[in-house]
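The listed protein sequences correspond, in order, to chains A and L. Counting with our numbering, you get residues 9 to 388 for the letters of the first sequence. Counting with our numbering, you get residues 9 to 388 for the letters of the second sequence.
Number of protein chains: 2
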Amino acid sequence: MKIYKKAILPLGFKAAGIASGIKKSGKLDLALFYSQLPAKASCQFTTNKIQAAPIKVNKEHLKKNKYFRAVIVNSGNANCFTGEYGLKVAKQTASNVAGELGIKKEGVLVASTGVIGKRLPLLRIKTAIPALTKGLSRAGIDKAKRAIMTTDKFAKEVTVKFNISGRMVTICGIAKGAGMIAPDMATMLCFIFTDASISKAALDKALKFSVDNSFNCITVDGCMSTNDSIIVLANGLSKNKPIDIAIGTNFNLFLKALNLVCLELAKMIVKDAEGGTKFIQIKVKGARNFAEAKKAAAAIANSNLFKTAMYGENPNFGRIVSSVGASGVDVKEEELKIKVSPLNRIDITVDVSIGKGKSYATIYTSDLSPDYIKINAEYN
Amino acid sequence: MKIYKKAILPLGFKAAGIASGIKKSGKLDLALFYSQLPAKASCQFTTNKIQAAPIKVNKEHLKKNKYFRAVIVNSGNANCFTGEYGLKVAKQTASNVAGELGIKKEGVLVASTGVIGKRLPLLRIKTAIPALTKGLSRAGIDKAKRAIMTTDKFAKEVTVKFNISGRMVTICGIAKGAGMIAPDMATMLCFIFTDASISKAALDKALKFSVDNSFNCITVDGCMSTNDSIIVLANGLSKNKPIDIAIGTNFNLFLKALNLVCLELAKMIVKDAEGGTKFIQIKVKGARNFAEAKKAAAAIANSNLFKTAMYGENPNFGRIVSSVGASGVDVKEEELKIKVSPLNRIDITVDVSIGKGKSYATIYTSDLSPDYIKINAEYN
Numbered sequence: 009m010k011i012y013k014k015a016i017l018p019l020g021f022k023a024a025g026i027a028s029g030i031k032k033s034g035k036l037d038l039a040l041f042y043s044q045l046p047a048k049a050s051c052q053f054t055t056n057k058i059q060a061a062p063i064k065v066n067k068e069h070l071k072k073n074k075y076f077r078a079v080i081v082n083s084g085n086a087n088c089f090t091g092e093y094g095l096k097v098a099k100q101t102a103s104n105v106a107g108e109l110g111i112k113k114e115g116v117l118v119a120s121t122g123v124i125g126k127r128l129p130l131l132r133i134k135t136a137i138p139a140l141t142k143g144l145s146r147a148g149i150d151k152a153k154r155a156i157m158t159t160d161k162f163a164k165e166v167t168v169k170f171n172i173s174g175r176m177v178t179i180c181g182i183a184k185g186a187g188m189i190a191p192d193m194a195t196m197l198c199f200i201f202t203d204a205s206i207s208k209a210a211l212d213k214a215l216k217f218s219v220d221n222s223f224n225c226i227t228v229d230g231c232m233s234t235n236d237s238i239i240v241l242a243n244g245l246s247k248n249k250p251i252d253i254a255i256g257t258n259f260n261l262f263l264k265a266l267n268l269v270c271l272e273l274a275k276m277i278v279k280d281a282e283g284g285t286k287f288i289q290i291k292v293k294g295a296r297n298f299a300e301a302k303k304a305a306a307a308i309a310n311s312n313l314f315k316t317a318m319y320g321e322n323p324n325f326g327r328i329v330s331s332v333g334a335s336g337v338d339v340k341e342e343e344l345k346i347k348v349s350p351l352n353r354i355d356i357t358v359d360v361s362i363g364k365g366k367s368y369a370t371i372y373t374s375d376l377s378p379d380y381i382k383i384n385a386e387y388n
Numbered sequence: 009m010k011i012y013k014k015a016i017l018p019l020g021f022k023a024a025g026i027a028s029g030i031k032k033s034g035k036l037d038l039a040l041f042y043s044q045l046p047a048k049a050s051c052q053f054t055t056n057k058i059q060a061a062p063i064k065v066n067k068e069h070l071k072k073n074k075y076f077r078a079v080i081v082n083s084g085n086a087n088c089f090t091g092e093y094g095l096k097v098a099k100q101t102a103s104n105v106a107g108e109l110g111i112k113k114e115g116v117l118v119a120s121t122g123v124i125g126k127r128l129p130l131l132r133i134k135t136a137i138p139a140l141t142k143g144l145s146r147a148g149i150d151k152a153k154r155a156i157m158t159t160d161k162f163a164k165e166v167t168v169k170f171n172i173s174g175r176m177v178t179i180c181g182i183a184k185g186a187g188m189i190a191p192d193m194a195t196m197l198c199f200i201f202t203d204a205s206i207s208k209a210a211l212d213k214a215l216k217f218s219v220d221n222s223f224n225c226i227t228v229d230g231c232m233s234t235n236d237s238i239i240v241l242a243n244g245l246s247k248n249k250p251i252d253i254a255i256g257t258n259f260n261l262f263l264k265a266l267n268l269v270c271l272e273l274a275k276m277i278v279k280d281a282e283g284g285t286k287f288i289q290i291k292v293k294g295a296r297n298f299a300e301a302k303k304a305a306a307a308i309a310n311s312n313l314f315k316t317a318m319y320g321e322n323p324n325f326g327r328i329v330s331s332v333g334a335s336g337v338d339v340k341e342e343e344l345k346i347k348v349s350p351l352n353r354i355d356i357t358v359d360v361s362i363g364k365g366k367s368y369a370t371i372y373t374s375d376l377s378p379d380y381i382k383i384n385a386e387y388n
């Protein structure tokens with residue numbers, strides 16, 4: 009299993025990026041991903057009760073349809089809280105892409121990220137789509153990965169290659185999110201492409217496990233976006249022996265690779281946290297189950313007092329004690345053990361043992377600095 | 009019903025404050041409250057799983073005992089996460105006060121606030137208690153209210169006077185908490201004294217209702233302390249017709265007055281929020297019940313993105329939309345209505361309607377500023 013710290017598209021995938029004028033700055037703001045063969049899709053969307061229009065449209069397409077050919081993504085506008093108009097724009101965008109590529113519109117998935125509650129300019133997108141589709145190429149991933157960014161300081165990209173039954177399989181992922189997992193400017197979007205031949209059930213299972221252990225284990229400010237989306241497309245072009253849930257070894261290999269892609273991208277999001285000066289791993293062990301360990305770790309990670317202490321390199325560990333106690337996890341004072349690595353480094357590890365059982369979990373987070381406030385006080 | 013913005017002790021109560029040396033600064037750090045007659049007590053403590061030693065001791069005393077005579081409070085040290093030693097100190101402190109006053113030790117309640125995980129110096133407290141008890145007087149409330157402060161910029165105090173069956177009843181409350189409801193420096197402590205004659209059941213019911221509508225409706229950073237305590241003593245010296253739950257009018261009058269005392273103190277805590285520049289009222293209406301309204305309002309109030317937007321006077325209302333959606337309350341985009349008062353004022357009101365029912369709730373909070381981080385990055 010080989011890891012590459014850049015996006016290398018698997019067999020049969022192309023991408024493109026363009027500046028359509030959604031962003032006033034004139035930066036890249038529209039990305040297109042395309043599979044030459046129909047691909048199976050597995051998706052995970054935000055559980056926020058207010059969901060952006062593209063998510064509603066994707067859910068319809070996933071109900072009606074089994075195979076997908078394209079994903080169109082805009083940055084600079086979340087197309088959320090935009091009512092009927094927003095739905096119309098998302099549907100029309102899928103239609104326009106489908107028309108240009110000669111595929112059916114239900115085979116197109118849609119994603120948006122940016123400010124909530126502003127009308128997405130349909131005409132600009134429509135006008136840009138012909139040039140965008142013409143730009144599709146393997147190298148186009150470089151523009152595409154930048155076209156999905158908002159306040160990100162760097163593009164998040166990773167590729168894993170491995171062998172299944174003598175065939176090389178590639179999983180390539182890109183993501184955006186400036187660490188905040190924030191509702192109106194730093195939505196987490198992730199797009200993963202693979203040429204693996206895999207059943208839909210196995211793909212869903214592998215994605216659920218991988219997301220639970222990666223994107224669902226990062227937090228910067230505890231805010232949940234209306235637009236968070238993870239979309240995986242698998243087109244089977246690697247021609248490996250098809251992976252199914254029943255076939256243990258190959259499934260486990262795929263799972264391990266997908267998990268690695270998700271975890272690397274998730275960590276990059278935390279490292280790009282707005283105003284963040286630290287990369288903090290919070291490891292809770294001694295829990296009765298994974299959920300309990302995660303609950304305790306997340307309570308620490310989301311405590312403003314803990315995060316400001318980390319920023320100030322302030323060994324005020326009472327803040328860890330009270331966060332664990334406030335999490336609702338049934339912990340006893342005499343069973344709670346805490347160890348923190350030296351605070352004058354960028355990478356910090358907090359080890360917590362709650363003395364209940366054998367389960368553990370790790371949450372990745374950043375500190376809270378005055379820059380976080382400066383950025384968010386001014387952004388709109 | 010008359011409100012006074014200062015602490016005026018009811019009949020039969022005395023107080024004192026002293027600098028015992030717990031605080032290195034030499035400031036007042038030990039307070040004593042005393043009732044000449046045995047008083048009924050009603051208490052509410054933090055639901056944090058890690059509880060400070062004084063809370064454990066109080067729970068024992070409340071089980072064993074029906075009447076109370078004194079409350080001893082120290083600031084500068086939370087006496088929490090201090091194991092057996094901490095329990096010993098809290099018990100010994102109650103004993104020493106009881107010995108000096110000639111009352112039984114189970115009639116003394118205890119409270120602490122300050123840094124977690126440091127040993128509270130028993131000897132200093134013991135040494136200070138004789139002078140502290142000698143200092144007891146009606147005017148002593150002025151020193152006592154300052155002796156419970158940590159990072160508070162001002163003392164929180166309020167008195168309400170009203171008539172029941174021709175007798176004047178007084179409820180006087182003092183509180184500390186620098187708005188953060190924070191685990192290691194700004195624990196919320198509140199002490200309320202009344203000369204009302206009231207049954208224990210009526211007192212408990214009135215306190216629960218009042219706390220739910222005041223202290224449980226404020227949030228600054230969502231952090232829950234290990235030391236939060238609200239203690240009410242009622243000594244009956246007003247000789248009003250005894251208030252019971254069954255006696256509608258008089259109970260409602262007492263409830264109204266107690267609720268007023270709690271709400272005034274709670275608002276003062278938010279106004280003293282560390283680094284806070286705004287006083288924000290978040291009113292959610294159209295909920296199916298009070299709990300649902302409160303859940304939605306608290307989700308907005310605890311969102312760092314919302315709080316930084318308020319600090320920056322930034323009309324980024326998508327942050328309100330996504331917070332409500334993330335709260336778990338089942339809200340629909342087309343039923344969600346948001347109105348915000350002008351942002352360039354100190355007092356800001358956010359009106360949210362979720363279109364489900366007729367219940368409503370108000371949460372009081374502050375904004376999040378770089379000063380919050382500065383204070384907490386450095387404090388230990």
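Built from N, CA and C at the ideal position, the CB exists for glycine as well. Bear in mind the structure is a predicted one, so any value in this text is a computation, not a measurement.
What is the DSSP secondary structure of residue i, reduced to helix, strand or coil?
{"i": "residue 160(L)", "result": "coil"}
{"i": "residue 135(A)", "result": "helix"}
{"i": "residue 384(L)", "result": "helix"}
{"i": "residue 308(L)", "result": "helix"}
{"i": "residue 193(A)", "result": "Note that residue 193(A) scores 42 on pLDDT, short of 50, meaning its location in the model is unreliable; the coordinates nonetheless yield the value given after this. Residue 193(A) falls in the coil class under three-state DSSP."}
{"i": "residue 62(A)", "result": "helix"}
{"i": "residue 30(L)", "result": "coil"}
{"i": "residue 206(A)", "result": "strand"}
{"i": "residue 17(A)", "result": "coil"}
{"i": "residue 250(L)", "result": "coil"}
{"i": "residue 271(L)", "result": "helix"}
{"i": "residue 233(A)", "result": "coil"}
{"i": "residue 378(A)", "result": "helix"}
Compute the distance between the beta-carbons of residue i and residue j, then report whether it is under 7 Å.
{"i": "residue 17(L)", "j": "residue 168(L)", "result": "no"}
{"i": "residue 278(A)", "j": "residue 372(A)", "result": "yes"}
{"i": "residue 292(L)", "j": "residue 301(L)", "result": "yes"}
{"i": "residue 45(L)", "j": "residue 243(L)", "result": "yes"}
{"i": "residue 15(L)", "j": "residue 165(L)", "result": "yes"}
{"i": "residue 162(L)", "j": "residue 180(L)", "result": "no"}
{"i": "residue 25(A)", "j": "residue 112(A)", "result": "no"}
{"i": "residue 86(L)", "j": "residue 121(L)", "result": "yes"}
{"i": "residue 216(L)", "j": "residue 182(L)", "result": "no"}
{"i": "residue 41(A)", "j": "residue 79(A)", "result": "yes"}
{"i": "residue 66(A)", "j": "residue 38(A)", "result": "no"}
{"i": "residue 303(L)", "j": "residue 337(L)", "result": "yes"}
List the residues that DSSP assigns as beta-bridge partners of residue i.
{"i": "residue 200(L)", "result": "181(L), 240(L)"}
{"i": "residue 40(L)", "result": "24(L), 80(L)"}
{"i": "residue 171(L)", "result": "176(L)"}
{"i": "residue 117(A)", "result": "79(A)"}
{"i": "residue 51(L)", "result": "239(L)"}
{"i": "residue 370(L)", "result": "291(L)"}
{"i": "residue 12(A)", "result": "167(A)"}
{"i": "residue 227(A)", "result": "373(A)"}
{"i": "residue 85(A)", "result": "121(A)"}
{"i": "residue 361(L)", "result": "293(L), 345(L)"}
{"i": "residue 218(A)", "result": "Paired residues: none, contrary to the question."}
{"i": "residue 145(L)", "result": "23(L)"}
Where does residue i land, buried or exposed, given buried means 16+ other C-beta within 10 angstroms?
{"i": "residue 222(L)", "result": "buried"}
{"i": "residue 12(L)", "result": "exposed"}
{"i": "residue 234(L)", "result": "buried"}
{"i": "residue 354(L)", "result": "exposed"}
{"i": "residue 126(A)", "result": "buried"}
{"i": "residue 93(A)", "result": "exposed"}
{"i": "residue 294(A)", "result": "buried"}
Quick check on the DSSP output: what are the complete beta strand (DSSP E) runs of length 3 or more inside the segment 323-359 of chain A, in order along the chain? Here the runs fully enclosed are 345-348.
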